[in-house]
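Chains as they are written, first to last, in the numbering used here: chain A, 242 to 780; chain B, 44 to 534.
Presented below is the structure to which this report refers.
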């Protein structure tokens, strides 16, 4: 298995070559290049096949045809992989274009795939009796599910349902959350280094081997690649904590591990020694895991303690708590003047816009002018996209709904406890993600209590029921948790996932959450997906 | 044969596996591999043939024109659709429809030969490749048969089959009514791939006005078509559509976007000039105008400066060779450039900073910041001083910084300004705490000492004595202040 890249295909004595790709035009160009450079004289000649994930795309095949290579493919098929498991409680479609397609281009293909994924899930884990949703896309997905079920009556299965409730949430119901900087451990790793398919690449300096025997070696120059998931005991424990609470856990762990290694001095009998030795592999794994996360935490700390991180966070928190959202912000102006990365600027300006239900025309015009003058006029296209997506807009009707929403949903908590949290607001050190608050309020006391606020948020909210045969209806045991599948249409952040996991673990919570999404996002990747692709700069 | 096929189809329709796409794999099992490969291999021969047929039936516009290429793309996709008829009707159809001989050795070897050919040929060569076409008549038969029996599918069934990655011929939907029903079914299915397929078909078979009119009341389909046109770069068709819909701002933006594909600066400039009159929003119009003016200036400046640099006469350019051309740079970068290389020029010159400032109404703050950075980089401290000095009508001078003196200090420090220069501006920082911090950080001892004196803070001043060099002028200064009996220390 090779990664797709332009140029000649690696030589290999094989008969068949299968391209396993997303249906994207830029990938088709690479494939074309591969095929055209294939040595025709070689023998045996290799056969090409193409497998699209999750769907064949006419557009791509047409593209290949225009390049004159379509005929080279003996099989053109699809591999219907909709939802990919990322962890015990997390599924993602990894379709980064989903938000843009849904909200900018009104292309609902990714919703169709989401619905299909949900049908598959129901076939495996039983029909979900209750569906709740908020937003236009949520409505669409629910409609499609109902329609698919009706059209395939054979799909009625006899599996005892695992999920009690499905909650479909549109990303545009909560545009605010992804814009803010995530402050959980995993969230920060993603914000700073970017987690891709559960892997993160880190600067190697802090991971240099410390053993004396290898001391003479040069520092590694390749980025250090680590896999991050809950199979790693320590990571499972700290990933969802506020970063400020990670240090103490790490130092506690360090003490426990060194104490465990000390035990060997107390091992007197052969039996005790044997027992110690049998634990060694586990202990060594724990030690290397601890070393890795200590290094990562150090890397992150360097950044979180920097002045600029602090200033940026201060402005974000001011906006989210409703301070000075209606005028031009000094810090943003300064950042533009110093040519900070454009995405950072856009995140802040959009955050301000969302926290003010749109900016005053004068303020908006001012920001736009500064951005265009500093970063180039062609970004007018990106600004336009952001406007279309509702992230950046002029205030209409002169009404700012955000304060009402903030107060009713208790989105801003002043007394946040980062070490031993009692509320989901710990994931952003004060701001409780709106999306997760909606999930929490749905479980208890129900959405009826927040009708007014729901009406202020975009799109319809609804409830559907899917009939189950009487034999499959659940008889709930006392104290048994309900299971809710929350599907984020348009992406979800690690901090939101952390908040939902926190709710799952609450002792009196009564609800466990499984999370599904079209894509794992953070503010940067999200804004990037909305930016106009510009030609590469001349240098 | 078709009966067998229908039965099988019915079986799958009623199967509970229907909700998934497993049926494809099942079909596959019933297939002879050799046969499938043979059929597949013939696909593009059939396609090529199709293309020829399509072209004959078109209105006869010259090949290569934009509208021709639109049709070309459209037909390309439909024929690849048709191509799938023969190639991808998983086993049951293609296998059933194809006589068994067709799967024999000779056909697959034919494919190999063809493959070799195509590797040396461009697409257009392939289209007119007569050697290949000789085989076509025989090959078209299975497809025709297939079409026949598929003709009784309803729009709904057609859409459903397409959703499952199978391919149906859409040609039999002849009346406008039928086509629209098909489109509505596709839209109801929400599968973009299918919607696009149907749209390509409609785009090819309907008159533009009719297509546009019908799409206007079908917003979802409309969005898909717009997206499709954008992806495939069918700019003219797209603009026609947007104009028809009266979405003028989108027309304007969409047209403006095109400039990104123009590499040649002169052409790009001309193009941007043409964009000025487009119906943008009022705010955007001025930005587009500025974009044009900026590029126009940049072209003039670039030509001049390249000449200057080549001639090697200008010391500035010799000492600080340009890292890149100024073309297509943002406004602020251009201003920096002009402050760097053309600072002293008279306002009448296009490349002078003051001219840029006026033309683009650059705010004072932005101007001072940029000019400061440029002059500091050249270590032209005199210019820095002049930039921050204002004269009132009586002729008194005063230092003023619209960006705040702490920022001035930051910029100067970043450019390694000497302490004497730095200290002058540190002294002007208004906030005492910031001033102390900056002064301590950058070792502006005089400022630290004077500030503590003004604060009457004996303790801090005494402590600071240990930080300056022994026997230095600063130490003496501190000593003098500390022994000054007239100061009323607060501690």
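A virtual CB, placed ideally from N, CA and C, is assigned to each residue, including glycine.
Query: is_contact[residue 398 (chain B), chain A] using C-beta, thresh 9 Å; Result: no
Query: Sub-9 Å separation of residue 320 (chain A) and residue 243 (chain A) beta-carbons; Result: no
Query: Nearest-angstrom beta carbon gap, residue 725 (chain A) and residue 404 (chain A) [assumed within contact, 8 Å]; Result: 7 Å
Query: The segment 613–626 of chain A touching the segment 374–386 of chain B, judged by at least three CB pairs closer than 8 Å; Result: yes
Query: 9 Å Cβ cutoff, residue 456 (chain A) in contact with chain B; Result: Summary for residue 456 (chain A): the model assigns pLDDT 47, below 50, so the residue's position carries little reliability, and this model does not support an answer.
Query: Exposure of residue 253 (chain A), with buried meaning 16 or more beta-carbon neighbours within 10 Å; Result: exposed
Query: Proximity test, Cβ basis, 9 Å: residue 419 (chain B) and chain A; Result: no
Query: Same chain only: Cβ atoms within 6 Å of residue 229 (chain B), ignoring 5 sequence neighbours per side; Result: 202, 237, 238, 241
Query: C-beta neighbour in chain B for residue 621 (chain A), strict 9 Å; Result: yes
Query: Contacts that residue 415 (chain A) makes with chain B (C-beta to C-beta distance below 8 Å); Result: In chain order: nothing, as chain B lies at least about 23 Å away.
Query: Neighbour-count burial assignment, residue 277 (chain A), 16 or more Cβ in a 10 Å radius; Result: exposed
Query: Residues that DSSP places opposite residue 257 (chain A) in a beta bridge; Result: A:288
Query: Neighbourhood of residue 481 (chain B) by C-beta, 7 Å cutoff - its chain only, sequence neighbours within 5 removed; Result: 449, 452, 469, 472
Query: Which residues DSSP lists as bridging residue 318 (chain A), in chain order; Result: A:292
Query: Residue environment, residue 400 (chain A), which counts as buried when at least 16 other CB atoms sit within 10 Å; Result: exposed
Query: Short Cβ contact (9 Å threshold) for residue 736 (chain A) with residue 428 (chain A); Result: yes
Query: C-alpha distance - residue 398 (chain B) paired with residue 435 (chain B), whole-angstrom precision; Result: 23 Å
Query: Span of the beta strand (DSSP E), counted from its first residue to its last, around residue 725 (chain A); Result: 723–730
Query: Touch test, the segment 522–532 of chain A against the segment 426–446 of chain A, Cβ-Cβ under 8 Å, three pairs minimum; Result: no
Query: Contact the segment 258–275 of chain A vs the segment 289–306 of chain A: 3+ CB pairs below 8 Å; Result: yes
Query: Cutoff 7 Å; reference residue 414 (chain B); Cβ partners in own chain excluding five residues on either side; Result: 382, 396, 430
Query: Check whether residue 699 (chain A) and residue 490 (chain A) have beta carbons under 9 Å apart; Result: no
Query: Endpoints, beta strand (DSSP E) assigned at residue 468 (chain A); Result: 465–468
Query: Minimum Cβ-Cβ distance from residue 445 (chain B) to chain A less than 9 Å; Result: no
Query: is_contact[residue 708 (chain A), chain B] using C-beta, thresh 9 Å; Result: no
Query: For residue 390 (chain A) and residue 516 (chain A), the rounded distance between their alpha carbons; Result: 56 Å
Query: Under 7 Å (Cβ pairs) to chain B, residues found in the segment 341–371 of chain A; Result: 346, 347, 348, 349, 350, 352, 353, 360, 361, 364
Query: Proximity of residue 483 (chain A) and residue 598 (chain A) at Cβ, strictly below 9 Å; Result: no
Query: Residues near residue 462 (chain B) in its chain [Cβ-Cβ closer than 8 Å; skip 5 each side]; Result: 485, 486, 487
Query: Residue 581 (chain A) in three-state terms, based on DSSP; Result: coil
Query: Exposure of residue 400 (chain B), with buried meaning 16 or more beta-carbon neighbours within 10 Å; Result: buried
Query: Cut-off 6 Å between Cβ atoms - residues of its own chain near residue 739 (chain A), not counting five sequence neighbours on either side; Result: 425, 481, 668
Query: Straight-line gap, residue 195 (chain A) to residue 448 (chain A) (C-alpha atoms, nearest Å); Result: The requested residue 195 (chain A) does not occur in the structure, where chain A is confined to residues 242 to 780.
Query: Chain-order list of residues whose beta-carbon lies under 7 Å from that of residue 143 (chain B) (same chain, five-residue window excluded); Result: Reliability of the predicted coordinates at residue 143 (chain B) is poor, the pLDDT of 35 falling under 50, and the value obtained from them is presented with this limitation in mind. Contacts found: none.
Query: is_contact[residue 381 (chain A), chain B] using C-beta, thresh 9 Å; Result: yes
Query: Cβ distance (whole Å) where residue 627 (chain A) is taken to contact residue 771 (chain A) below 8 Å; Result: 6 Å
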